[in-house]
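**Q** Residue numbers for the sequence shown follow our numbering, beginning at 3 and rising by one. Glycine is no exception: its CB is placed at the ideal position from the N, C-alpha and C atoms. Note that the structure is predicted; figures quoted are calculated from it, not measured.
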Amino acid sequence: MTILPEERKHEILNLLKRDGKVKVADLAKQFSISEESIRRDLTMLEEKGSLKKVYGGAIATIFQSGEPPFEQRTTVNQAEKIIIGKKAAELISDGDVIAIDVGTTTLEFAHFIQNRKNLTILTNSIPVSTVLMESLNQNKFTGEILLLGGQIDPKQQSVSGHLTEQMLNQFNIDKAFISAGGVSIQNGVSNYHLNESFVSRIMVEVSKQIILLADHSKLGVDTFNKVCPLNKVDMIVCDQTYPYTWKDDLKAYETEWIKA
Numbered sequence: 003m004t005i006l007p008e009e010r011k012h013e014i015l016n017l018l019k020r021d022g023k024v025k026v027a028d029l030a031k032q033f034s035i036s037e038e039s040i041r042r043d044l045t046m047l048e049e050k051g052s053l054k055k056v057y058g059g060a061i062a063t064i065f066q067s068g069e070p071p072f073e074q075r076t077t078v079n080q081a082e083k084i085i086i087g088k089k090a091a092e093l094i095s096d097g098d099v100i101a102i103d104v105g106t107t108t109l110e111f112a113h114f115i116q117n118r119k120n121l122t123i124l125t126n127s128i129p130v131s132t133v134l135m136e137s138l139n140q141n142k143f144t145g146e147i148l149l150l151g152g153q154i155d156p157k158q159q160s161v162s163g164h165l166t167e168q169m170l171n172q173f174n175i176d177k178a179f180i181s182a183g184g185v186s187i188q189n190g191v192s193n194y195h196l197n198e199s200f201v202s203r204i205m206v207e208v209s210k211q212i213i214l215l216a217d218h219s220k221l222g223v224d225t226f227n228k229v230c231p232l233n234k235v236d237m238i239v240c241d242q243t244y245p246y247t248w249k250d251d252l253k254a255y256e257t258e259w260i261k262a
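(1) Tell me, which residues are paired with Q153 by DSSP?
(2) Rounded to the nearest angstrom, how far is the Cβ of I212 from that of K234, given a contact under 8 angstroms?
(3) With a threshold of 7 angstroms on Cβ separation, who are the neighbours of A91 within its own chain once the five nearest residues in sequence on each side are excluded?
(4) Buried or exposed for G151, please, with buried defined as at least 16 other CB atoms from any protein chain shown within 10 angstroms of its CB.
(5) Taking Q80 as the reference, which of I61, T108 and I100 has the closest Cα?
(6) Can you find the residues in the same chain that come closer than 6 angstroms, C-beta to C-beta, to E9, ignoring five residues on each side of it along the sequence?
(7) Indicate the three-state DSSP secondary structure (helix, strand or coil) for N174 in the structure shown.
(8) Can you tell me which of the three DSSP states G59 falls into?
(9) Give a yes or no on whether the C-beta atoms belonging to V185 and V239 are separated by under 9 angstroms.
(10) Taking 9 angstroms as the threshold (C-beta atoms), are N193 and V229 in contact?
(11) Mind checking who N193 pairs with in its DSSP beta bridge?
(12) Could you pull out every residue in the same chain whose Cβ sits closer than 6 angstroms to the Cβ of F33, ignoring the five residues on either side in sequence?
(13) Inspect the beta-carbon positions of I100 and D176 and report whether they are closer than 9 angstroms.
(14) If I follow the unbroken alpha helix (DSSP H) through S2, where does it start and stop?
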């Protein structure tokens, strides 16, 4: 049954309230209209301040000042996060010292760390450390896990603060696998949580190679706290190819884009 444009916009907002994010392709299929029509709907809603358009869809404006607790985010774009995590795990070599920050995508990544020897893994994510401990006990990889000390955030299941930053500064890290609330050409990698962003910044500073794990919904999004400019990122692992308008900048930054 065909619905009126205003009814369709109202339903789009209901989906945003439920999921926090919507995709143009999914909406076009759901409402049996063209993707161009959906984009026009999203543009009109953005002009009213009801949402923020991002690459391939839109996010709820409430997410610009904060994001849901960690547990709520684990099911958002989970399939995309799984393929990103699996691809990113291929970038680990025997003997690597790696750092993993807080995020639902880095959590999926942790599940795929296996068949590697003598790894040293540092993280400020409690769920990531739990997954790694289970894998280590099951002999999926060999090495050691260091859960960084500091102040615990129960909602985000993270560890951060001055002690965490001090501890990180004691290490030389081969590869940092970091997440993002948003990533854009203009403002680089950003995140929602101030203290977690500080920890991610230190990871970037003390690591030889920076690998960003980000699903397509993060592209073109700027969140509250800057983590690092995009020219600091060596690789981006994403479920989609890069936006065409990013091509020249990525080449200038020598940032490798890996499609999972």
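**A** The relevant details are as follows:
(1) S162
(2) 6 angstroms
(3) F111, F114 and I115
(4) exposed
(5) T108
(6) none
(7) coil
(8) strand
(9) no
(10) yes
(11) N227
(12) R10
(13) yes
(14) A query on residue 2 cannot be resolved here, the shown segment of the chain reaching from 3 to 262 and no further.
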